[in-house]
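Chemist: Can you keep this structure in mind? I'll have questions shortly.
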Amino acid sequence: MKRPPDVPIRRDTLPESVSRPVATPIMPSVVYASASPDALDAQYEGRAEGYTYAREGHPNADILARRIDALEGAEGGVVTGSGMAALSAVLFGLLSAGDHVVGGDQLYGRSLRLLGQDLPRFGIDATFCDVTDAEALRRAITERTRLVLVEVVSNPTLRIADLEGIAAAAAEAGALLVVDNTFATPRGIRPFEWGADIVFHSVTKLLAGHSDVTLGYVAARDPELRARIRDHVVTAGLTPSPFDCWLAERGLFTFDLRYDRAEANAAHLASFLKGRSGVSRVIYPGLPDHPEHARAARLLGGRFGNMLSLELAGGRKAANAFTEAVPELSFAPTLGDVATLVSHPASSSHRALTAEARAAMGISEGFLRISVGIEPIEMLEAEFERGLRAAARASG
Ligand SMILES: *Cc1c(COP(=O)(O)O)cnc(C)c1O
Numbered sequence: 103m104k105r106p107p108d109v110p111i112r113r114d115t116l117p118e119s120v121s122r123p124v125a126t127p128i129m130p131s132v133v134y135a136s137a138s139p140d141a142l143d144a145q146y147e148g149r150a151e152g153y154t155y156a157r158e159g160h161p162n163a164d165i166l167a168r169r170i171d172a173l174e175g176a177e178g179g180v181v182t183g184s185g186m187a188a189l190s191a192v193l194f195g196l197l198s199a200g201d202h203v204v205g206g207d208q209l210y211g212r213s214l215r216l217l218g219q220d221l222p223r224f225g226i227d228a229t230f231c232d233v234t235d236a237e238a239l240r241r242a243i244t245e246r247t248r249l250v251l252v253e254v255v256s257n258p259t260l261r262i263a264d265l266e267g268i269a270a271a272a273a274e275a276g277a278l279l280v281v282d283n284t285f286a287t288p289r290g291i292r293p294f295e296w297g298a299d300i301v302f303h304s305v306t307k308l309l310a311g312h313s314d315v316t317l318g319y320v321a322a323r324d325p326e327l328r329a330r331i332r333d334h335v336v337t338a339g340l341t342p343s344p345f346d347c348w349l350a351e352r353g354l355f356t357f358d359l360r361y362d363r364a365e366a367n368a369a370h371l372a373s374f375l376k377g378r379s380g381v382s383r384v385i386y387p388g389l390p391d392h393p394e395h396a397r398a399a400r401l402l403g404g405r406f407g408n409m410l411s412l413e414l415a416g417g418r419k420a421a422n423a424f425t426e427a428v429p430e431l432s433f434a435p436t437l438g439d440v441a442t443l444v445s446h447p448a449s450s451s452h453r454a455l456t457a458e459a460r461a462a463m464g465i466s467e468g469f470l471r472i473s474v475g476i477e478p479i480e481m482l483e484a485e486f487e488r489g490l491r492a493a494a495r496a497s498g
């Protein structure tokens, strides 16, 4: 007689244990089995809690979302597959043809592109303005303006938005204020406390902190908006992977420690670099000569962050020499990693702009943006010293 092959198609249930795991398990299951159609009804009708299908939500995403909610002072935030997915969910979940959007003119490059190039195909137009000046924003608002999008700290020139003036202007116009809080992080500012309606993040950056996950997060103050954003995440499939959520949860345990160390390093490096020969400019919101230093002190409560920018007087040659002399400082276009990263906006994030447009923003060929990490400060000083010397030699 032929025996049926011994293939373990029937899955085992989890082994019994009266003790519970301390660390969060990774739960990659795509579906959740219910006991009966009646039990499923109870779930869909909100009489019982439970998951059904992972695109609609899963435990690892919810655990991460609740932790970021706590940091932002939010409720019911959603984790998405990337920061751009979070922004897409806001725009496509809430806007309709005929609406108008006002955005900061130094927004993250892909945000500028989404607003300026993609939204118009859906009949939604955008105007960009200088958000350090609330009056400029007021002038950009029209009767059709439904949403205002700003970052408190701009990239890469680290200008500080007039968040108080902007919140007042948006409220008067009946427009939603959306804040991309990726650079400042909730350790710098909690935008809901300053009048934001919606806050989103690229969790990829400082929150996850190890350059090994791509994730986003979005929360809205109003439960109805929250539901529409969540629906778009589910419909468009902007859902994150359980493993990525698990990694980010792990990263978040040390977020405050990493942030404080990186910030202290950045403040130290800013004074170390200031006034050095071959360095024509150091931009750090904590420096008294920063154009919005007082505003940064007020909005960020004296938390000036881990990002700093500098300009090498020797232009592209000096920038090449600096990065080549210090390969330990990864020359890579992201931020918020535990290790210090150097980026060169003219050849990366801002390469699509003309040299004139870059010059108008103060971005030259010698401009470097530094995402300061948590290394011992002596190590960073020695590496920057080596980089500056090489830059000086190259500029002759
Ligand atoms: C990286 C970044 C984004 C986009 O996030 P992804 O996770 O890469 O999609 C949006 N805004 C800011 C300020 C960023 O730095």
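Everything in the sequence shown is counted per the numbering used here, starting at 103 for the first residue and increasing by one.
The beta-carbon is built from N, C-alpha and C at its ideal position, and this holds for glycine as well.
1) Starting from D358, trace the alpha helix (DSSP H) in both directions and tell me its first and last residue.
2) Please name the residue, chosen from G498, P117, M481, G403, that lies closest to T287 on a Cα-to-Cα basis.
3) Which ranges does the alpha helix (DSSP H) cover as unbroken runs of at least 4 residues, wholly within the segment 272-334, from first to last along the chain?
4) Relative to the alpha-carbon of E365, which residue among G290, T436, G175 has its alpha-carbon at the smallest distance?
5) Quick check: the Cα distance between I243 and I465, rounded to an integer number of angstroms?
6) Check whether the segment 150-168 and the segment 339-346 are in contact - that is, three or more C-beta pairs closer than 8 Å.
7) How would you call E174, buried or exposed, if buried means at least 16 neighbouring beta carbons within 10 angstroms?
8) Name, in chain order, the residues that DSSP records as bridge partners for H202.
9) With respect to the beta strand (DSSP E) encompassing I472, which residues constitute its N-terminal and C-terminal limits?
10) How about G205 and F230: are their beta carbons less than 7 Å apart?
11) Please check if any C-beta of chain B sits within less than 7 Å of the C-beta of L327.
12) Would you say P447 and P258 are within 7 Å of each other, going by their C-beta atoms?
13) For a test of the three-state rule: what should DSSP assign to V428, helix, strand or coil?
14) Tell me the rounded alpha-carbon separation between F285 and S121.
15) Going by the beta-carbon positions, is the gap between A135 and A144 smaller than 7 Å?
16) Is it buried or exposed, A176, if we count other Cβ atoms within 10 angstroms and call 16 or more buried?
Modeler: Looking at the atomic coordinates:
1) In the sequence shown, the residue the question calls residue 358 occupies position 256. Start and end: 357-375.
2) Stepping through the sequence shown from its first residue, residue 287 is reached at position 185. Looking at the Cα atoms, G403 is the closest of the given residues.
3) Segments of the alpha helix (DSSP H) lying fully in the segment 272-334: 287-290.
4) Here residue 365 refers to the residue found at position 263 of the sequence shown. The alpha carbon of E365 has as its nearest neighbour, out of G290, T436, G175, the alpha carbon of G290.
5) For the purposes of this step, residue 243 is identified with residue 141 of the sequence shown, where counting begins at 1. For the purposes of this step, residue 465 is identified with residue 363 of the sequence shown, where counting begins at 1. Distance from the CA of I243 to the CA of I465, rounded to the nearest whole angstrom, comes to 28 Å.
6) Segments in contact, yes.
7) Locating residue 174 in the sequence shown gives position 72, counting from the first residue. By the neighbour-count rule (16 or more Cβ atoms within 10 Å), E174 is buried.
8) Taking the sequence shown and counting its residues from 1, one reaches residue 202 at position 100. Paired residue(s): D227, T247.
9) Counting from one through the sequence shown, the residue named residue 472 turns up at place 370. Where I472 is concerned, the enclosing beta strand (DSSP E) stretches over 469-473.
10) Against the sequence shown, residue 205 aligns to sequence position 103. Against the sequence shown, residue 230 aligns to sequence position 128. G205 places its beta carbon less than 7 Å from that of F230.
11) Among the protein chains of the structure shown there is no chain B, as only one such chain exists.
12) As a first step, residue 447 must be located in the sequence shown, where it is residue number 345. As a first step, residue 258 must be located in the sequence shown, where it is residue number 156. Remark: C-beta atoms of P447 and P258 approach each other more closely than 7 Å.
13) Looking up residue 428 in the sequence shown gives position 326. If DSSP states are grouped into helix, strand and coil, V428 belongs with coil.
14) In the sequence shown, counting from the first residue as 1, residue 285 sits at position 183. In the sequence shown, counting from the first residue as 1, residue 121 sits at position 19. Cα to Cα, F285 sits roughly 40 Å from S121.
15) The residue given as residue 135 occupies position 33 in the sequence shown. The residue given as residue 144 occupies position 42 in the sequence shown. Against a cut-off of 7 Å, the Cβ pair of A144 and A135 comes out as no contact.
16) Walking along the sequence shown from the start, residue 176 turns up at place 74. With 16 or more other Cβ atoms within 10 Å, it is buried.
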